[in-house]
Each structure stands twice: as C-alpha cells, then as structure tokens.
Amino acid sequence: TVKPASYETPLYKVTHNSVAAEADWGSYTLKNVADGDVIDIQANYPDIDCAVKFNINAEGVGVISGVMVNGNEVTNYMDDNFTVKCGSNISITRNSEDYKMESFKVNGEDKTDDFYYSDSHDYFVTDATTFDITAKKYTTFKATVDIDDVSHATVYKGYSYDDNAFDMKSGKNEIEVSEHQPLISLVAKDGYYFTSVNDGTT
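Here the sequence shown stands for residues 3 to 204, numbered as in my numbering.
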C-alpha cells in the first residue's frame, strides 16, 4: 500500500508495471506484486493546465454558490476556457437553501452522495475534468398567518432555534415557505400563551 505523507496533498500517479493504479481515499493498494515488478510513484504534479468544465442544467444554474481554487475564490468557472494547474484543489459549495442537487457527476462518475452531509466538497484536478450537475429550485408555498396581537408572539421560518423570524404585524400576514423546509414555528413571548391556534382545518 502506498499513501501520501499528507492527506491534503495526494500523490499524482502510481503505476504497477506501467499500469496506472486506482486510488482509494488517497491510498494505492497494489496486489500480486512479484519479483522484479516495477512500482513507479510520481508524487509531484506536472506544470500543465487542465481544462475544467461545468455543465449545469438551465433550471439549476444557481445551485453553485461558490467555487474556490487552492483557497482562492474564482468567478469565471463557467467560462469555456476555464483551466487550473494540474494538482489544484477545487472546492465547490452548493446553495442547499434554494436548490435541490439531483445529480452530481465528475467525469461521468456519480458523486451525488458527496453532498449528502455537507454543502461543500473538494476535488483534486489531475487531468481534464468535467462536472455535470442537475438541480432544481425548491418550490415555495404561500400562506397567511393571522395574529390578533403580534407583540405577544413570534413566528419563525423553520425551527425557532434557527432564529430566522418573519417580519410580522398584527392581523393578516402573507408569507412564503420553501419545500426544502416547509414548516414554521409559533412561539409565545415571555409572559404570554396561546389561547388558540388554527391551521384552517384543526
């Protein structure tokens, strides 16, 4: 098994008898090594430019909220002639508040699950790289919140601990919520309690 000294800087290439080995989380496991075999480890990246292409469906254009190359933000990543140096680290951040990532592929390989627990992920570019992204904007729902005295209650978008309160007035208030988090929280202020709450049916 061959692995880099630092996880943050993967090896450029490892070959076994001139056949490229596949990396698994940065490590290369070489099987059936025999007497006289040649294992070539190229740690350094060549000084070449690699083309990077982002293909995003029209509806999902806003799903990417930022792209960084080696820690520096770039804004021209959608250009047809966008390139990075071989060995560069591309960090992609998605807009999970407004968009649902339906498919994310890197050079044809499905990597959608990379965004399951996080809104950003890093990719080391070693050759021409294509990101194919399919996303859709979350639908929003309209609702009316009718409060007799707004000084006695607070209405939050999502959960109250998110501390994202709607701007409310006494009487009827038109609001929008996203299908991403289609809920609101009603909280009575200190010293008060709700005498009734009705959602139109209950």
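Note that CB positions come from ideal geometry on N, CA and C, so glycine has one too.
Distance CB(residue 181)-CB(residue 141) smaller than 8 Å: yes
Span separating the alpha-carbon of residue 155 from that of residue 132: 50 Å
As assigned by DSSP and simplified to three states, the class of residue 133: strand
Within 8 Å, strictly: CB atoms of residue 104 and residue 137: yes
Between the CA atoms of residue 167 and residue 149 - distance to the nearest angstrom: 14 Å
Cβ neighbours of residue 174 in the same chain (closer than 8 Å, five flanking residues each side left out): 146, 147, 148
Cβ neighbours of residue 12 in the same chain (closer than 8 Å, five flanking residues each side left out): 6, 25, 28, 126
Which residues DSSP lists as bridging residue 85, in chain order: 53
The stretch 68-77 touching the stretch 28-46, judged by at least three CB pairs closer than 8 Å: no
Segment contact flag, the stretch 108-127 with the stretch 188-195, C-beta cutoff 8 Å, min 3 pairs: no
Extent of the continuous beta strand (DSSP E) to which residue 18 belongs: 15-18
Selection from 58, 124, 188, 19 that minimises the alpha carbon distance to residue 9: 124
Ranges of the alpha helix (DSSP H) found wholly within the stretch 85-110, counting only runs of at least 4: none
Given residue 16 as reference, the closest of 106, 84, 129, 45 once Cα atoms are compared: 45
DSSP-derived helix/strand/coil call for residue 62: helix
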